[in-house]
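K.L.:
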Amino acid sequence: MTDESCELLCLDLPEAERVRSLVPSAEVAGVSAARLRALADPTRLRVAMALAAAGGELCVCDLAWVVGTSSGLVSHHLRLLRSSGLAASRRDGKMVMYTLSEPGEALLRSVTDSTVGSQVTS
């Protein structure tokens, strides 16, 4: 036996059922995990933080300048943020403008420390 498991079956069924009802389904947890993975990359996290700091829309060129990398790399990361539901885009002529979605803003606030969060949401 290891220290991580019980040595006897000790199920408190009412408490276990109460907790079970509060835990999201595997499908819902999968969506949340995908969103967390989307912010796990430092460049994507910085892109999301730049979008939050802008408080509105930014194009790929602006974001590339802000995070100090190529527009191609930023486009790749924006595609992943958009596919995970953390960012949204709209075409404006020949430009594509990006914003952080409400779930993106909420997740970003929850994963950044208070110093960064206060800078991003101000």
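Sequence positions in the sequence shown follow my numbering and run 188 to 309. Every residue gets a Cβ at the ideal spot worked out from N, C-alpha and C, and that includes glycine. Since this is a predicted model, take the numbers as computed values, not measurements.
Go ahead and pull the three-state DSSP assignment for residue 279.
P.N.:
Correct three-state label for residue 279: strand.
K.L.:
Please work out which residues of its chain come closer than 8 Å, Cβ to Cβ, to residue 251, disregarding the five sequence neighbours upstream and downstream, and give them in chain order.
P.N.:
Same-chain partners within the cutoff: 257, 258, 260, 261.
K.L.:
What residue from 298, 299, 300, 292 has the CA that sits closest to residue 238's CA?
P.N.:
The option with the nearest alpha carbon to residue 238 is 292.
K.L.:
Once you ignore the five residues that flank residue 302 on each side, which residues in its own chain have a CB closer than 7 Å to its CB?
P.N.:
Low confidence applies here, because residue 302 scores a pLDDT of 45, under 50, leaving its location unreliable; read the following figure in that light. For residue 302, where only same-chain residues beyond five positions count, there are no Cβ hits under 7 Å.
K.L.:
Leaving out five residues on either side along the sequence, give the residues of the same chain with a beta carbon under 8 Å from the beta carbon of residue 264.
P.N.:
These residues qualify, in order along the chain: 228, 230, 231, 234.
K.L.:
Excluding the five sequence neighbours on either side, which residues of its own chain have a C-beta within less than 7 Å of the C-beta of residue 248, listed in chain order?
P.N.:
Cβ within range, chain order: 258.
K.L.:
I need the DSSP call for residue 188, collapsed to helix, strand or coil.
P.N.:
Low confidence applies to residue 188: its pLDDT is 49, below 50, so where it sits in the model is not reliable enough to give any reading.
K.L.:
Quick one: what's got a C-beta closer than 7 Å to residue 269's C-beta in the same chain, skipping five residues either side?
P.N.:
Correct list, in chain order: 275, 276.
K.L.:
What are the complete alpha helix (DSSP H) segments, minimum 4 residues, inside the region 220-289?
P.N.:
Those alpha helix (DSSP H) runs which fall completely within the region 220-289 and span 4+ residues are 229-241, 247-254, 258-270.
K.L.:
Straight-line CA distance for residue 195 to residue 255?
P.N.:
Taking the straight line from one Cα to the other gives about 56 Å.
K.L.:
Do you know whose CA, among 245, 280, 289, 284, lies nearest residue 273's CA?
P.N.:
Nearest option by C-alpha distance: 289.
K.L.:
Please report the distance separating the alpha-carbon of residue 266 from that of residue 295.
P.N.:
Each residue's alpha carbon lies about 17 Å from the other.
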